[in-house]
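Trainee: Going by our numbering, the sequence shown runs without a break in its numbering and finishes at 141.
Just so it is clear, CB atoms sit at the ideal spot from N, CA and C, and this is done for glycine as well.
This is the structure I want to talk about, given as structure tokens.
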Amino acid sequence: MSPSEIEQLVLQHFTGAEVSASGDGSHFKVRVISEQFDGLRPVKRQQMVYASVNEQITSGALHALQIEAYTPTEWEKAKRLQLN
């Protein structure tokens, strides 16, 4: 898999989100910035992202995925604090 393939899969489940992925082979990091995360705990956010790539995880095409999931407001705050 490629980072762009991961991005496309996640975007199919998070319309209007900002998605960026990096990595190679079967280990990736993905950042998803979406209003859909508003009011949700981190575990629920990760479950939502994992659901978008579950088929690839099950097949073994994707082995490890590190997830950063933010609302747009949280992402702006993180950028100001240089947490990105």
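Answer with buried or exposed for Tyr127, where buried requires no fewer than 16 other C-beta atoms within 10 angstroms of its C-beta.
Mentor: Label assigned to Tyr127: buried.
Trainee: Would the C-beta of Arg137 count as close to the ligand ZN, meaning under 7 Å from any of its heavy atoms?
Mentor: Because no ligand of any kind appears in the structure shown, any question about the ligand ZN cannot be addressed here.
Trainee: At what residues does the beta strand (DSSP E) containing His120 begin and finish?
Mentor: It is not in any beta strand (DSSP E) - His120 carries neither H nor E in the DSSP assignment.
Trainee: Taking the beta carbon of Ser79 as the centre, do at least 16 other beta carbons fall within 10 Å, making it buried, or is it exposed?
Mentor: That one is exposed.
Trainee: In whole angstroms, what separates the C-alpha of Phe94 from that of Met58?
Mentor: The straight-line gap from Cα to Cα measures roughly 26 Å.
Trainee: In whole angstroms, what is the alpha-carbon distance linking Ala135 and Gln113?
Mentor: Using only the alpha carbons, I get a separation of about 30 Å.
Trainee: Tell me Tyr127's beta-bridge partners as DSSP assigns them.
Mentor: The partner list for Tyr127 (beta bridge, DSSP) reads Ile90.
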